[in-house]
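What follows is a short report on a single structure.
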């Protein structure tokens, strides 16, 4: 009997493992398609049947990063031969890179990417620093109405962005913060702060109080104990929280769409706006998407041990 | 010396540097103030506007109109239709996520090679920007040369430009993104089920269904509920993915309607009123969510 059960179980196990492998491949196929389209020649991006095998090329990225215009004059082998390799790639596609004097004109993508980077990094630093000390305060000291205060903190995170964005837009208009980096940094800090408090409180609760108490006995002040004992113990938690905050700010679309349009525009609203009225060059969209998603993919692997904690605001630690 | 009388370390620390009370206040109050200034104050500001006919596009002072905005909104069939679309979207999308996510977790919950790697790979979509990924799904869904129709042999089915299908197309993308979230929580629940319960059931020769419904399910339910409430709340607020993917009236979720009111039609006063209606609904779900979260935390 026992043998029969276990061999049936084994067979079931094998079927389950094979199906999860297949499902994983299906799940990853959209990402695979983004990744491969980013390296396709334009002519192969939208073929029937879809092109799976091809000679990868870097041209979509050159197009993504530069300003280009259609060739107006006939193909000139002399110019072609005199151009550097990356301009030859563009020349092959019937276009040339725009120059002002000797300088190559960059597209808006690098600028939007930098905006995303600056806004995400600064807002993360502020949200995590404030979140860390506030979490320590909540974790170590008793306070009347603590549960209500923590609920208040979390509820600000749950507000639909659009609900906050309408009055913020009007207020920013008065003080001139629309379409500025500072404007978005403030919004993302507010959005991430509650998350950072909750997540860090989970990490702080796990650091034994005895560590600080021993330090207090040794003559440290409470503040010294916090900086010299608690913070080093909390480094993993701080790093995980920071990565989560960075990803949230990096991915954010709604606020960026409503609050920015040029100067401080981030990549998420910019990438869709590349689709103009004419024929869409999906290889350029894909290469922009690829560069934008790559950091998040790397961070996801770095965070894999903390993902559960992160998505439940530190409530479930495993 | 105070320490002679009271030897508790905390009490002695009070005499050196900042007191505990000062530290608590200095550590907590700035955050609370920040949240009040940038989250609560704007809401008070918009509550004021919700009783006016203010339009941010014209340079005219706002007139107080009382409850007129709320009355108009709640009797407007189009708004009710937006809520109906949203409800449909929440049910399809969250239902799909729960089914697919829990199914994935059941399949994954066994000893297998590269389990950690597979789990992390499955979680990738959840971490990515809905707007950017949603945009790319437009290519996948393309009726004439999209790889999806080709792979499934669906001919030239128009996913996103077909009013009847568009909402489901958006929901499928959302399920793809967020089923892993349900999977992650379910896996945590499944791995917490004590092995000896299964062994006892095996000794009693309990059927597979009996074991599942009497042992597995009850122990996983709290985490499934957390996933359900959280995803319901998020799906109710959905803006990015639907806005990016489709322009069909059948995918006009309440957040999209709100955006159009505020930033395209510039009916600022009315949009503030609608925002408040949505806000109250979200806060109600948040309340339930946090209660459950605390319950699970206490276990």
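Residue numbers (our numbering), protein chains in the order written: chain A, 499 to 816; chain B, 751 to 1049. Beta carbons are placed, not taken as given, at the ideal position from N, Cα and C, and that holds for glycine.
Name the chain B residues that come within less than 7 Å of residue 634 of chain A, Cβ to Cβ?
For residue 634 of chain A, the residues of chain B that pass the 7 Å Cβ criterion are 777, in the order they occur in the chain.
Of all the residues that make up the stretch 695-714 of chain A, which are near chain B by a beta-carbon distance shorter than 7 Å?
695, 711, 714
Between which residues of its own chain and residue 1002 of chain B is the CB-CB distance below 7 Å, once the five residues before and five after are set aside?
832, 835
Residue 801 of chain B burial status per 10 Å Cβ neighbour count (16 or more: buried):
buried
Under 9 Å Cβ-Cβ, which residues of chain B neighbour residue 526 of chain A?
871, 872, 874, 875
Distance, residue 539 of chain A Cα to residue 635 of chain A Cα:
56 Å
Please work out which residues of its chain come closer than 8 Å, Cβ to Cβ, to residue 974 of chain B, disregarding the five sequence neighbours upstream and downstream, and give them in chain order.
848, 852, 932, 935, 936, 939
Going residue by residue through the stretch 550-626 of chain A, where are the continuous alpha helix (DSSP H) segments of at least 4 residues, counting only ones entirely within it?
557-563, 575-580, 583-590
What residues from chain A crowd round residue 829 of chain B, counting only those whose CB sits closer than 9 Å?
Correct list: empty, because the minimum Cβ distance to chain A is about 15 Å.
Please determine, among A:764, A:637, A:671, the residue with the shortest C-alpha to C-alpha distance to residue 710 of chain A.
Among A:764, A:637, A:671, the Cα nearest to that of residue 710 of chain A is on A:637.
Any chain A beta carbon closer than 8 Å to residue 780 of chain B:
yes
Does the beta carbon of residue 501 of chain A come closer than 8 Å to any beta carbon on chain B?
Summary for residue 501 of chain A: the model assigns pLDDT 47, below 50, so the residue's position carries little reliability; its value from the coordinates is reported in the next sentence. Judged by the 8 Å Cβ criterion, residue 501 of chain A is not in contact with chain B.
Is residue 583 of chain A close to chain B, meaning its C-beta is less than 8 Å from at least one C-beta of that chain?
no
Does residue 534 of chain A get closer than 8 Å to chain B when you measure Cβ to Cβ?
no
Starting from residue 781 of chain A, follow its DSSP beta bridges and name the residues at the other end.
DSSP, once it has assigned bridges, lists no residue as partnering residue 781 of chain A.
Expected contact under 8 Å - CB spacing of residue 587 of chain A and residue 632 of chain A to nearest Å
In fact, because the Cβ distance is near 52 Å, the residues do not count as touching under 8 Å.
So, for residue 763 of chain B: in the same chain, excluding its five sequence neighbours on each side, which residues have a beta-carbon less than 6 Å away from its beta-carbon?
A caution first: residue 763 of chain B carries a pLDDT of 49, below 50, which makes its placement in the model unreliable, though a value can still be read off. Hits under 6 Å: none found.
Other residues of its chain near residue 603 of chain A: CB distance less than 8 Å, five sequence neighbours each side excluded
564, 565, 595, 596, 597
Do you know how far the Cα of residue 707 of chain A is from the Cα of residue 720 of chain A?
Each residue's Cα considered, the two are about 12 Å apart.
Under 8 Å between C-beta atoms, does residue 878 of chain B make it to chain A?
Yes - at least one Cβ of chain A is within 8 Å of the one on residue 878 of chain B.
C-beta atoms of residue 819 of chain B and residue 1023 of chain B nearer than 8 Å:
yes
On the premise that residue 987 of chain B lies in contact with residue 658 of chain A, defined as a C-beta separation below 8 Å, what is that separation, rounded to the nearest angstrom?
4 Å
Beta-carbon proximity list for residue 921 of chain B, same chain, < 7 Å, skipping 5 on both sides:
Counting only Cβ-Cβ distances below 7 Å, and skipping sequence neighbours, we find 839, 842, 843, 846.
Where residue 987 of chain B meets chain A, residues with beta-carbon distance less than 7 Å:
Taking the beta carbon of residue 987 of chain B as reference, the chain A residues within 7 Å of it are 658, listed in sequence order.
Measuring only between beta-carbons, confirm whether residue 542 of chain A sits less than 8 Å from chain B.
no
Please list, in chain order, the residues of the stretch 540-569 of chain A that have any C-beta partner in chain B closer than 7 Å.
Within the stretch 540-569 of chain A, the qualifying residues are 544, 545, 546, 547, 548.
Chain-ordered neighbours of residue 770 of chain B on chain A, where CB pairs are closer than 9 Å
638, 639, 720
Interface residues of chain A around residue 887 of chain B at Cβ under 8 Å?
528
For residue 504 of chain A, which of B:908, B:827, B:955, B:864 has the nearest alpha-carbon?
Relative to the Cα of residue 504 of chain A, the nearest Cα in the group B:908, B:827, B:955, B:864 belongs to B:955.
Check for me: the alpha helix (DSSP H) holding residue 767 of chain A runs from which residue to which?
765-771
Residues near residue 873 of chain B in its chain [Cβ-Cβ closer than 6 Å; skip 5 each side]:
930
Select from B:894, B:901, B:918, B:1013 the residue whose C-alpha is nearest the C-alpha of residue 907 of chain B.
B:894
Residues near residue 726 of chain A in its chain [Cβ-Cβ closer than 8 Å; skip 5 each side]
713, 718
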